[in-house]
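There are 2 protein chains.
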Amino acid sequence: MATDTSASAPPEHDAIRKPKPQARTLQRREDVLRAAMSVFGQRGYNKGALVEVAEQAGMTHAGVLHHFGSKEALLVAMLQYRDGEEAAGVPGRAQTEGPAFLGHMLDTVEENTGRPGVVQTYTVLSAESVTEGHPAQGYFRDRLDGLRDKIAGVLAEVTGRDADESEVRDDASALIALMDGLQVQWLLDRDAVDMPRIVEKVMDELVDRLTTRHPAPPFPRPQD
Amino acid sequence: MATDTSASAPPEHDAIRKPKPQARTLQRREDVLRAAMSVFGQRGYNKGALVEVAEQAGMTHAGVLHHFGSKEALLVAMLQYRDGEEAAGVPGRAQTEGPAFLGHMLDTVEENTGRPGVVQTYTVLSAESVTEGHPAQGYFRDRLDGLRDKIAGVLAEVTGRDADESEVRDDASALIALMDGLQVQWLLDRDAVDMPRIVEKVMDELVDRLTTRHPAPPFPRPQD
DNA sequence: TCAAATTTACTTATAGGTCAGTAAGTTGAT
DNA sequence: ATCAACTTACTGACCTATAAGTAAATTTGA
């Protein structure tokens, strides 16, 4: 929250050569954030201890508190950092357009297969966030909401439907749910599910169905 | 509040009375288990405190420990109790056959809409269980595995396919993932998703596809 | 030398588990 | 039927970790 970074204006020549105190600080903060991802991912937020985060970042837990103020603030910072990192990972980044976005999602699923830590961080924290007064509740609510909008939009664009159609929105929700749900199964048993294969197939079917049965849903819904 | 046990003097020589003191004990244990479901559901296992469980069951935390030995054992007992309860809720119960099972699943989704507590208990604990050394890990692994088998079997039966086909198994995994994933979204925002509607539609599509394209998958997979 | 970074040393909570004791049964021999 | 011997179901007090947060001292770097 409070961007207490009242620090001086960042010197534009902050090359890698001269590690100014603040340049170095940024690196340390990042170390802490990475450590937080690892610890909160492996243990969850509640059980994850600041001492362990600190250790992995090479300092004491008081040092971590110095940088982030509180455990809660650290979690929030970590979540934002993770978003930024994810966005930065993609070349075209930002808002990938149309079908490319679906492809990008699939790529992510494939990549995730090689980094259970990241998957676990997301899975554990998102589920934990539904508990009473969890600090990440707003974050995940917003994230899911935004993702749903985004996917519905892309789906509409790809299939020539309207993003407001309940069928399209339902499919967006379903796609997100599928990916999240698969992660839990996969984390509990890596060999039990082939995430990329399943997601790809579902995406194909879904786009196909939406495209083929163009204007209206195929069956009348008695209840509604 | 505590020792109201002295109240109704149990008629010792009155025929079909519960012979053992365990009759009452069983009830108390059940109280504790229900309390555990509520507390662990709302706070998760790690943050859920024994004192709170105890309070809700009308005893002290030492009393809870007397019955269950440890917090971990309590969780395991709770999970088993939950299974038993769920099974008991269904009349025909045990192994519902064929298409009836899919209907039963859908009914459950519909019922769940009215009891967020139960949904939350499952959602939070299953995700939490993927963390290092979590006591419920085995439980959820087994549960998901069994459910996958069951659904694959039912799907095979309904559509005339083989339960060993990877497509059928994938669909079983996907269906479970869908339901679990939707729960997270729903718990974070009740109005964001209509769980029963989505699950019903997906089930329909899924059965339809599996039935229509009978023997073999429709398209050759270039990469594999 | 000044300020930020970081440590050391505490404080304050919380929480699981142990333990001795007690009240209310239960059982068995007389 | 009664009473001693024993068991069960607890409670209250206590112990021990663990963990977050704070304050003051110390180091480090420009």
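Protein chains in written order, with the UniProt record's numbering: chain A, 1 to 224; chain B, 1 to 224.
From the three backbone atoms N, C-alpha and C, an ideal C-beta is built for every residue, glycine too.
About 40 Å separates the Cβ atoms of Asp-170(A) and Lys-71(B), ruling out a contact at the 8 Å cut-off. Along the length of the segment 133-186 of chain B, whole alpha helix (DSSP H) runs at least 4 residues long occupy 137-159, reported in chain order. Not a single C-beta of chain A is nearer than 8 Å to the C-beta of Val-118(B).
One alpha carbon belongs to Ala-192(B), the other to Thr-25(B), and they sit about 43 Å apart. In its chain, beyond the 5 residues on either side, Asp-31 have a beta carbon closer than 8 Å to the beta carbon of Gly-58(A). Rounded to whole angstroms, Met-195(B) and Ala-87(A) show a C-alpha spacing of 30 Å.
Here the alpha carbon of Ser-38(A) sits roughly 44 Å from the alpha carbon of Thr-159(B). In this structure, the straight-line span from the alpha carbon of Asp-107(B) to that of Met-179(B) is close to 12 Å. Interface annotation, Ile-176(B): in contact with chain A, CB-CB separation under 8 Å. What Asp-145(A) touches in chain B, judged by beta-carbon distance under 8 Å, is Asp-189, Ala-192, going in chain order. Here the segment 96-116 of chain B lies against the segment 136-155 of chain B, with 3 or more beta-carbon pairs under 8 Å apart. Here Arg-43(A) has no same chain residue with a Cβ atom under 6 Å from its own Cβ, once five neighbours each way along the sequence are excluded. With respect to the 8 Å criterion, Gln-120(B) and Gly-41(B) are classified as neighbours on the basis of their beta carbons. The three-state reading of DSSP puts Arg-34(A) in helix, counting H, G and I together. Annotation for Val-64(A): the continuous alpha helix (DSSP H) segment containing it runs 61-68. Contact between Ala-177(B) and Gly-48(A) does not hold, since the beta-carbon distance rounds to 26 Å and is not under 8 Å. By the Cβ neighbour-count rule, Gln-80(A) is exposed, with fewer than 16 other Cβ atoms within 10 Å of its own.
With respect to chain B, the C-beta atom of Leu-182(A) has a partner C-beta closer than 8 Å.
Gln-185(B) sits buried, since 16 or more C-beta atoms from the chains shown fall within 10 Å of its C-beta. Distance from the CA of Val-51(B) to the CA of Glu-111(A), rounded to the nearest whole angstrom, comes to 43 Å. Bounds of any alpha helix (DSSP H) do not take in Gly-114(B), whose DSSP letter is neither H nor E. Between Thr-123(B) and Ala-127(A) a beta carbon distance of about 6 Å is seen, short of the 8 Å cut, so the two are scored as contacting. Under a 10 Å Cβ-count criterion, Arg-161(A) is classified as buried, with 16 or more other Cβ atoms of the shown protein chains found around its own Cβ. Leu-144(A) is positioned such that its CB atom lies closer than 8 Å to that of Leu-188(B).
Around the C-beta of Gln-27(B), fewer than 16 other C-beta atoms lie within 10 Å, and the residue is accordingly described as exposed. Boundaries of the alpha helix (DSSP H) around Ala-54(A): 50-57.
Non-local beta-carbon contacts of Val-168(A) in its own chain, meaning distances under 6 Å to residues more than five positions away in sequence, involve Ala-152, Leu-155, Ala-156, Arg-161 in chain order.
Shortest Cα-Cα distance from Ser-166(B) to any of Ile-198(A), Glu-85(A), Thr-113(A) involves Ile-198(A). Within the model, the alpha-carbon separation for His-134(B) versus Asp-142(B) is close to 14 Å.
In terms of CA proximity to Leu-65(B), Ala-36(B) leads the group Ala-36(B), Leu-147(B), Arg-209(B), Glu-85(B). Within 10 angstroms of the beta-carbon of Thr-60(A) lie fewer than 16 other beta-carbons, which makes it exposed. Proximity to Thr-96(B) across Ala-23(B), Asp-204(B), Leu-147(B) peaks at Leu-147(B), based on C-alpha coordinates. Put simply, the CB of Gly-153(B) is far from chain A, with every gap to its CB atoms at 8 Å or more. Apart from sequence neighbours up to five positions away, the residues of its chain that approach Val-207(A) with a beta-carbon distance below 7 Å are Val-158, Thr-159, ordered along the chain.
Neighbours of Gln-42(A) in chain B, taken as residues at a C-beta separation under 9 Å, are given in chain order as Thr-131, Glu-132.
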